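Residue numbers (the working numbering), protein chains in the order written: chain G, 1 to 317; chain B, 1 to 317.
There are 2 protein chains.
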Amino acid sequence: MHESEKKCIGIDVGGTSVKIGLFETDGTLLFKWEVPTRKEEGGRYILEDVAASIREVLTEKEIHLSDILGAGMGIPGPVLPDGYVEVCVNLGWRDVNPQKELSAMLDNIPVKSGNDANVAALGEMWRGGGMGFTDIVMVTLGTGVGGGIIIDEKIIAGKHGLGGEIGHIHIRDEEWEHCNCGGVGCVEQIASATGIAREARRRMAGEETPSVLRQYGDDVTAKDVLDAAKAGDELALSVVETVGRYLGMALAGIAMTVDPEMFVIGGGVSKAGQFLIDIIDKYYQHYSPISQNKGIIGLAKLGNDAGIYGAARLVLG
Amino acid sequence: MHESEKKCIGIDVGGTSVKIGLFETDGTLLFKWEVPTRKEEGGRYILEDVAASIREVLTEKEIHLSDILGAGMGIPGPVLPDGYVEVCVNLGWRDVNPQKELSAMLDNIPVKSGNDANVAALGEMWRGGGMGFTDIVMVTLGTGVGGGIIIDEKIIAGKHGLGGEIGHIHIRDEEWEHCNCGGVGCVEQIASATGIAREARRRMAGEETPSVLRQYGDDVTAKDVLDAAKAGDELALSVVETVGRYLGMALAGIAMTVDPEMFVIGGGVSKAGQFLIDIIDKYYQHYSPISQNKGIIGLAKLGNDAGIYGAARLVLG
Numbered sequence: 001m002h003e004s005e006k007k008c009i010g011i012d013v014g015g016t017s018v019k020i021g022l023f024e025t026d027g028t029l030l031f032k033w034e035v036p037t038r039k040e041e042g043g044r045y046i047l048e049d050v051a052a053s054i055r056e057v058l059t060e061k062e063i064h065l066s067d068i069l070g071a072g073m074g075i076p077g078p079v080l081p082d083g084y085v086e087v088c089v090n091l092g093w094r095d096v097n098p099q100k101e102l103s104a105m106l107d108n109i110p111v112k113s114g115n116d117a118n119v120a121a122l123g124e125m126w127r128g129g130g131m132g133f134t135d136i137v138m139v140t141l142g143t144g145v146g147g148g149i150i151i152d153e154k155i156i157a158g159k160h161g162l163g164g165e166i167g168h169i170h171i172r173d174e175e176w177e178h179c180n181c182g183g184v185g186c187v188e189q190i191a192s193a194t195g196i197a198r199e200a201r202r203r204m205a206g207e208e209t210p211s212v213l214r215q216y217g218d219d220v221t222a223k224d225v226l227d228a229a230k231a232g233d234e235l236a237l238s239v240v241e242t243v244g245r246y247l248g249m250a251l252a253g254i255a256m257t258v259d260p261e262m263f264v265i266g267g268g269v270s271k272a273g274q275f276l277i278d279i280i281d282k283y284y285q286h287y288s289p290i291s292q293n294k295g296i297i298g299l300a301k302l303g304n305d306a307g308i309y310g311a312a313r314l315v316l317g
Numbered sequence: 001m002h003e004s005e006k007k008c009i010g011i012d013v014g015g016t017s018v019k020i021g022l023f024e025t026d027g028t029l030l031f032k033w034e035v036p037t038r039k040e041e042g043g044r045y046i047l048e049d050v051a052a053s054i055r056e057v058l059t060e061k062e063i064h065l066s067d068i069l070g071a072g073m074g075i076p077g078p079v080l081p082d083g084y085v086e087v088c089v090n091l092g093w094r095d096v097n098p099q100k101e102l103s104a105m106l107d108n109i110p111v112k113s114g115n116d117a118n119v120a121a122l123g124e125m126w127r128g129g130g131m132g133f134t135d136i137v138m139v140t141l142g143t144g145v146g147g148g149i150i151i152d153e154k155i156i157a158g159k160h161g162l163g164g165e166i167g168h169i170h171i172r173d174e175e176w177e178h179c180n181c182g183g184v185g186c187v188e189q190i191a192s193a194t195g196i197a198r199e200a201r202r203r204m205a206g207e208e209t210p211s212v213l214r215q216y217g218d219d220v221t222a223k224d225v226l227d228a229a230k231a232g233d234e235l236a237l238s239v240v241e242t243v244g245r246y247l248g249m250a251l252a253g254i255a256m257t258v259d260p261e262m263f264v265i266g267g268g269v270s271k272a273g274q275f276l277i278d279i280i281d282k283y284y285q286h287y288s289p290i291s292q293n294k295g296i297i298g299l300a301k302l303g304n305d306a307g308i309y310g311a312a313r314l315v316l317g
């Protein structure tokens, strides 16, 4: 097999399942599959399961390990530059070097690893919403808010693994509740799905404004809020404006720091689509008047596959 | 002359004078000198003067142009990756490629260029406060607030020249006056020398607190404020705490973005020394509780020479 015909493997290790994809080096996804994440006994079986599953699929597809250029792996926690993981709470890992271990289990093919949010950002740059760009910032609006910074096609992981921790930028100075990180007023507290729902509950409790959201009471979700806002509900719209204001402010600050070509917005909340992007963009422009010539804001495209794409892209350096 | 004995030249083009330094490739400064910046006729004589002065000094020192590895140049405005400068207000330049022009004037030795604040940051990494590190963020607290981001020994200039524009991160949400950039609540409005003096004037006008600063009235300077704060003046201390709070908040956000090893604080205001650093650090820690293991804050060391050091370092790639 010619070097250019070799394949690469992308692995996205999650708390429930491990997603695995086999890719051409041009980013074409050939097949993808999942294995359950066995977290018992400090997650010691996770990599064994991954290696066994890869061997099985390759055999089935009649591909030799020697035809694999390497594997990349996204890990849900901080990863040091040499692949060392001090602790990964979600998997039970402690004091391990998963990339070294996996490589040993797969005839020493090269294995690289990185934090899952950073790796997903690399995937969106390669074949997703940021395709065609070399410098992007990805913001994932899910239960929490994750982020990844890609400059010159490389992840900025940071010297202490804090690169792209956009969810924990302090942005809302008048917040009073604490974030999981110990801070107060983090981006995650207002722009995550959890944060959006909480903001809606606060407004309902604090104002008399009639709203379709009131039927949901304390069970209101971010999706309810975004749907109602799209339909023109006044209270819901005002919540989304607040979210957009703080997120736009945060993106403006990031633009003044690393100045990417594009901000790629992903995660469950981003399913609200262009409606949400337009509101974020309005405030982003407002908080960065210094220049019109700056990064654009758009939607992620790879959904839950961003991680395997980015992990495979890690192999290419 | 062996390759390793070759020299490099660092040029820092300012609005009043151009600073030039001749360096060993290990960062030893051999000599430095200045030429006045002739801004007339769209700054067309500036590079000619620089080239003539370099030739003159080299002749005097009996060094041939062929012994020069290259020259780097810091420019007070945005510089595109290929060296193109659309407009540089301070020098009168418009639609030029100064690095190309200077190279042509100097027997085609390689010339590289960058924005002066970014280049100064590179200098501080090479031989200044950030020496020994590869990832630093420099913040220059002068009449304005400038910045530069160095990751993996390279400047993050940004795809639109906005990389490291730390002075224009929106940070003070309750500000009402406008910044020069058109924004409201920029870092520059509270942490520049101008901003610190303004904050002191506001406090004196708004409070009855007795203060040694009152003797200066509207002529109060940032230095007056910092000196008085060090001496324990209550009003001055409260101004410096406000400055430190917003600056610490901004640095915490930058740490959550690019996670450098060190923040290097320079510029006239930084002459207040460790006293100021301690106050900034207190708030920096407060606004980034997610981890204790993160970039430190310290003082710049090269003063006005940071620009020529960084420019010379550009040559080494």
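Cβ coordinates follow ideal geometry from the N, Cα and C atoms, glycine included.
Just so it is clear, the structure is predicted and the values come from calculations on it, not from any experiment.
Proximity below 8 Å, CB of I136(G) to CB of V264(G)
yes
Count the other CB atoms within 10 Å of the CB of S192(B); is the residue buried (16 or more) or exposed (fewer)?
That one is buried.
Where does V258(B) fall in DSSP's three states?
coil
Leaving out the 5 sequence neighbours to the left and right, which residues in its chain are closer than 8 Å to P260(G) when beta-carbon positions are compared?
Excluding residues within five positions, the ones whose Cβ falls inside 8 Å are F133, D135, I136, V137, I149, I150, I151, I254, G295.
Using a beta-carbon distance below 8 Å, is K159(G) in contact with chain B?
yes
Buried or exposed (CB count within 10 angstroms, at least 16 for buried), Q99(B)
Around the C-beta of Q99(B), 16 or more other C-beta atoms lie within 10 Å, and the residue is accordingly described as buried.
Kindly say whether T257(B), judged by its beta-carbon, lies nearer than 8 Å to any beta-carbon of chain G.
Taking Cβ atoms only, chain G reaches closer than 8 Å to T257(B), which makes this a yes.
Among A197(B), V57(B), G72(B), which has the Cα closest to the Cα of P110(B)?
G72(B)
Boundaries (first-last residue) of the alpha helix (DSSP H) holding V119(B)
116-127
Is the beta carbon of A231(B) closer than 8 Å to that of S211(B)?
no
Quick check on DSSP: helix, strand or coil for I109(B)?
Reduced to three states, the DSSP call for I109(B) is coil.
Is the region 233-249 of chain B touching the region 113-124 of chain B in the sense that three or more CB pairs, one from each, lie closer than 8 Å?
no
Which residues bound the alpha helix (DSSP H) around T194(G)?
That run of the alpha helix (DSSP H) goes 193-206.
Counting only C-beta atoms, is L162(G) closer than 8 Å to chain B at any point?
yes
In the structure shown, what three-state DSSP assignment does F23(G) receive?
strand
Using the beta-carbon count (16 or more within 10 Å), is W176(G) buried or exposed?
exposed
Using a Cβ-Cβ distance cut-off of 8 Å, determine whether E97(G) contacts chain B.
Note on identity: in this sequence residue 97(G) is Asn, with Glu being the wrong assignment. With 8 Å as the cut-off, N97(G) does not count as an interface residue toward chain B.
Sequence-distant residues of the same chain with beta carbon closer than 6 Å to R172(B), five excluded per side:
G185, I190, Y246
Does the structure place the region 71-86 of chain G close enough to the region 35-42 of chain G that three or more beta carbon pairs sit under 8 Å?
Cβ pair count under 8 Å is below three, so no.
Answer yes or no: do Y309(B) and G10(B) have a C-beta to C-beta separation smaller than 8 Å?
yes
For T242(G), which residues in the same chain have their Cβ closer than 8 Å to its Cβ, ignoring the five residues on either side in sequence?
Excluding positions up to five away in sequence, the list reads I190, E199.
Within the region 8-88 of chain G, note down every full alpha helix (DSSP H) run reaching 4 residues or more, in order along the chain.
40-43, 46-60
Regarding K100(B) and the ligand NAP, is the C-beta to nearest heavy atom distance less than 7 Å?
Ligands in the displayed structure: none, and consequently the ligand NAP is not present.
Enclosing alpha helix (DSSP H) for G310(G) [first to last residue]
306-315
Rounded to whole angstroms, what is the Cα-Cα separation between G266(B) and N180(B)?
21 Å
Taking the CB atoms as reference points, tell me whether K112(B) and I63(B) lie closer together than 8 Å.
Not in contact: K112(B) and I63(B) (Cβ atoms no closer than 8 Å).
Which residues in the same chain as V13(G) place their Cβ atom closer than 6 Å to its Cβ, once the five residues preceding and following it in sequence are excluded?
I75
Considering Cα atoms alone, identify which of G244(B), I290(B), L65(B), Y287(B) is closest to Q274(B).
G244(B)
Thinking C-alpha only, which one of I68(G), V18(G), R94(G) is nearest L47(G)?
V18(G)
What is the C-beta distance between A51(G) and M105(G), in whole angstroms, given that I count them as a contact (C-beta under 8 Å)?
4 Å
If we call anything under 8 Å between Cβ atoms a contact, is G83(G) one with N97(G)?
Yes, these two residues count as a Cβ contact at 8 Å.
To be precise: take each residue of the region 243-271 of chain G, compare its Cβ to all Cβ atoms of chain B, and keep it if any distance is under 7 Å. Which residues remain?
M249, A252, G253, I254, A255, M256, T257, V258, D259, P260, E261
Residue environment, S66(B), which counts as buried when at least 16 other CB atoms sit within 10 Å:
exposed
Would you tell me roughly how many angstroms separate the C-alpha atoms of K223(B) and E188(B), rounded to the nearest one?
16 Å
If you run the structure through DSSP and keep just helix, strand and coil, what is H160(B)?
coil
Taking the runs of the beta strand (DSSP E) that are 3 residues or longer, which of them lie wholly in the region 222-270 of chain B?
262-266
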